[in-house]
Amino acid sequence: VRYAEVSAEGLALASELASRVKEQGGAAIIADYGEEQVTKGNTLRGFKNHKLFDVLKAPGSCDMTADVNFGILKKVIAATGAGCFGPMTQNEFLHRMGIRHRIDALLQSASPEQAKDLLSSYQMLTSPEEMGKRFKFMAITSSPTHIPTPFNAQ
296 VRYAEVSAEG LALASELASR VKEQGGAAII ADYGEEQVTK GNTLRGFKNH KLFDVLKAPG
356 SCDMTADVNF GILKKVIAAT GAGCFGPMTQ NEFLHRMGIR HRIDALLQSA SPEQAKDLLS
416 SYQMLTSPEE MGKRFKFMAI TSSPTHIPTP FNAQ
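Converting from the sequence shown to the numbering used here requires adding 295 to each position, the first position being numbered 1.
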């Protein structure tokens, strides 16, 4: 591997969050883009006006981002003794949480223009070619035996 992308601050934050959930109860959801196993090298990229932008072209003029390594994140969370579930794709998460039922209910009273917008948004959020596969969801609970919906079907 030629690249190693690790956010020490991000891992420390995840550890602190998991520790608080374990000690105080409750749960947390982490949603971001990334993979459980890092299979590619440099994921650093820039976005400007919702389009990819060369981060070195004009430093400071775009948003910079890199993929989350969910595999490392899981290890850090598990080390606290908290429950850690996922990641699962946004498509799977939203469908297990009932997005299709919600869309169908909203479509019943939607105008033709609203229906078009709803279906377009649904497609963008759930399609593997858009956000449905790239974004992942992970849950943290106070105990590994507390498995939250929708992770209980994994």
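The beta carbon of each residue, even a glycine, is placed where N, CA and C say it ideally should be.
Distance CB(residue i)-CB(residue j) smaller than 8 Å
| i | j | result |
| --- | --- | --- |
| Q385 | F430 | yes |
| S438 | G378 | yes |
| C357 | F342 | yes |
| G366 | Q403 | no |
| I435 | L339 | no |
| S314 | T375 | yes |
| A353 | R391 | no |
| N364 | E304 | no |
Inter-residue Cα distance where the pair is residue i and residue j
| i | j | result |
| --- | --- | --- |
| H441 | L389 | 20 Å |
| G329 | D362 | 4 Å |
| P382 | A326 | 9 Å |
| D412 | T421 | 14 Å |
| K428 | E318 | 33 Å |
| A410 | D399 | 10 Å |
| G393 | P443 | 14 Å |
| N337 | Q418 | 28 Å |
| P445 | E408 | 31 Å |
| L401 | S416 | 12 Å |
| S406 | G355 | 43 Å |
| F432 | P423 | 14 Å |
Chain-order list of residues whose beta-carbon lies under 6 Å from that of residue i (same chain, five-residue window excluded)
| i | result |
| --- | --- |
| L306 | V371 |
| L368 | A309 |
| V350 | G341, M359 |
Reference residue i; option with closest CA among the options
| i | options | result |
| --- | --- | --- |
| H345 | T360, T436, I398 | T360 |
| E387 | M426, N337, V350, K369 | M426 |
Sheet register partners of residue i (DSSP bridge)
| i | result |
| --- | --- |
| G341 | F348, M359 |
| E330 | N364 |
| G378 | T436 |
7 Å CB neighbourhood of residue i in its chain, flanking five on each side removed
| i | result |
| --- | --- |
| G320 | S437 |
Neighbourhood of residue i by C-beta, 8 Å cutoff - its chain only, sequence neighbours within 5 removed
| i | result |
| --- | --- |
| V316 | A322, A323, A377, I435, T436, S437 |
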